[in-house]
Amino acid sequence: MKTIQQDEYTKLNKALYDLEDILACMGVKEFTLSREKHNMKFDMNAESIDTDLLYAFCKDIAQMHHAKFGGQKAA
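Heads up: the sequence shown at position 67 corresponds to 66 in numbering that gives the first Met the number 0, and the numbers run straight through without jumps.
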C-alpha cells in the first residue's frame, strides 16, 4: 500500500466523513471498502433507495480506491 502524508490523510478522512453523510442520505446504513472486501447494507426503512444510482456511485468509489491503493478491481 502506498504511504500517504499527514495532509493527504486529513483530506481523505474528511472526504470519508462527507461520503458517509451522503450515503446515509441515500439510504445506506453501512459501506465497507477495503482491499479484500466491498460491502454495502441498506436502511430498509429509508423512504426511497435508488439502487442503480448507489451501485454506480459506489463502483466509481471502488475504482478510485483501487487506483490509489491497489487491491481487488471493482467489477
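Glycine residues also receive a C-beta, built at the ideal position from the N, C-alpha and C atoms.
The continuous alpha helix (DSSP H) containing N12 extends over residues 5-24. Nearest to V27 by C-alpha distance, out of K40, L18, D17, Y16, is K40. Pairing H64 with L32 gives a Cβ-Cβ distance under 8 Å. Closest option to N38, judged by alpha-carbon separation, among F68, L18, D49, C57: C57.
Assigned with DSSP and collapsed to three states, T2 falls in coil, not helix or strand.
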